[in-house]
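Take 8 as the starting number for the sequence shown in the working numbering and just add one per residue.
Glycine is no exception: its CB is placed at the ideal position from the N, C-alpha and C atoms.
The structure presented is a predicted model; accordingly, all values stated were derived computationally and were not measured.
What follows is a single structure, written as structure tokens, with notes after it.
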Amino acid sequence: NFFIVEKVAMSPADIEFALKQCLKKSKIGLVVIDYAQIMKLREARNFNEASLIKENVNAIARMAQKYRVAIILLSQLTKDKISGKVGLGSLKGSGGLYEDADCVIAMWNEDESENKEKVKTLQMEVLKNRDGASDGFRINFNGDFGEFTENNANNANIF
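Now the structure itself:
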């Protein structure tokens, strides 16, 4: 079963309500939230955007535990121009995103030119993994079909 709830700027309470409604119909194994920076932030004085995003991330983590469901929270990357490499600090509004996440996986296109090829090679790296190893690899992406496929090139020692 696949349920899509499409609403802009949902709060964690809105997401939990939608999850409960879906759970009434069927068991849910995975929730994907697209994306963290457009989740509704509560109105608060003396709080910056990063701390409000952290508050939302904590609410999502509690929801995952409460309903025993895996939640993938997508986030926008801001490339770290100092080293040219994507890292935990490359997450937009990063503080709360990587501190409380069990796993952080970054995906980006290193070729920023106007590459007209249908299939692009994307870089992926596990930046944080509480329960396992961190590593990097390449993956092919066909934008015409929204399809990811294994990259047959040698993925060893690319990061």
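Counting C-beta neighbours from all protein chains within 10 Å, is the total for Asn55 16 or more, i.e. buried, or is it exposed?
It counts as exposed.
How far does the alpha helix (DSSP H) with Asn32 in it extend, from its first residue to its last?
The sequence given here has Lys at residue 32, not Asn. 19-32 is the span of the alpha helix (DSSP H), which, as asked, contains Lys32.
So what's Gln72 in DSSP terms, helix, strand or just coil?
Correct three-state label for Gln72: helix.
Counting Cβ pairs, one atom from each stretch, are 3 or more of them under 8 angstroms apart for the region 110-117 and the region 64-74?
No, the region 110-117 does not touch the region 64-74.
Could you say if the region 144-157 and the region 127-135 meet the contact criterion of at least three C-beta pairs nearer than 8 angstroms?
Enough Cβ pairs lie closer than 8 angstroms, so yes.
If you draw a straight line from the alpha carbon of Phe24 to that of Leu98, how long is it in whole angstroms?
Cα-Cα distance, rounded: 27 angstroms.
Based on Cα-Cα distance, which residue from Thr85, Asn136, Met46 lies nearest to Ala20?
The shortest C-alpha separation from Ala20 is found at Met46.
Note down, in chain order, each residue of its chain lying with its Cβ closer than 8 angstroms to the Cβ of Ser18, except the 5 sequence neighbours on either side.
Closer than 8 angstroms at Cβ, skipping near neighbours: Met46, Lys47, Arg49, Asn63.
So, with DSSP's three-state summary, where would you put Lys135?
Lys135 falls in the strand class under three-state DSSP.
Helix or strand or just coil, what does DSSP make of Lys61?
Three-state DSSP puts Lys61 in a helix.
If you draw a straight line from the C-alpha of Glu106 to the C-alpha of Lys34, how long is it?
If you take the alpha carbons of Glu106 and Lys34, they lie about 29 angstroms apart.
So is Ser82 buried or exposed if we call it buried at 16+ other beta carbons inside 10 Å?
Looking at its Cβ environment, which holds 16 or more other Cβ atoms inside 10 Å, Ser82 is buried.
According to DSSP, is Ile67 helix, strand or coil?
Reduced to three states, the DSSP call for Ile67 is helix.
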